[in-house]
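For the sequence shown, position 31 matches number 113 in my numbering, and the numbering has no gaps at all.
Think of the CB as a built atom: it goes at the ideal place given N, C-alpha and C, for glycine as much as any other residue.
The structure presented is a predicted model; accordingly, all values stated were derived computationally and were not measured.
For reference, the structure is listed below as structure tokens.
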Amino acid sequence: MSSRFASGKWAISECDRCGFRYKLKELHPLTIKTKNTNILVCPTCWEPDQPQLQLGMYPVYDPQALRNPRRDNSYYQSGLNVNDNPSEGSRQIYWGWNPVGLSDPLGLSGLVNTLIANGSVGTVTIQTT
83 MSSRFASGKW AISECDRCGF RYKLKELHPL TIKTKNTNIL VCPTCWEPDQ PQLQLGMYPV
143 YDPQALRNPR RDNSYYQSGL NVNDNPSEGS RQIYWGWNPV GLSDPLGLSG LVNTLIANGS
203 VGTVTIQTT
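What follows is the structure, given as structure tokens:
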């Protein structure tokens, strides 16, 4: 039984992306978002389907909120000193980007500014003529 198409054993074709000539068997189909684009590219131009383009195609259940949240009690638990009295606790280190200086826009009481830096340089003598 014969086939409708020739074998293409010696067929030459051009890459649809770069235009160089290759054997037809060496060209690969290009797939974008799980769909065949009917574009044949050479092994150099071929790239696998990008998984980030498939976002939204499949349902994702990723909840962010907590049910029945509780307040943080670790401040007094981890901030006990030798006499079991509350000290500065676990929040004596200020986290975040660019934490230089303590700004208090809300006017909260009890905030201690531990970010004060003191420095000194020796004496400098300048002579002019």
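Per DSSP, the continuous beta strand (DSSP E) segment holding K105 begins and ends at 103-105.
In this chain, the beta strand (DSSP E) harbouring S95 covers 94-96. Within the model, the alpha-carbon separation for L112 versus L106 is close to 14 Å. At a Cβ-Cβ threshold of 8 Å, D131 and I114 count as neighbours. Look at P145 here: in three-state DSSP terms it is coil, with no helix or strand label.
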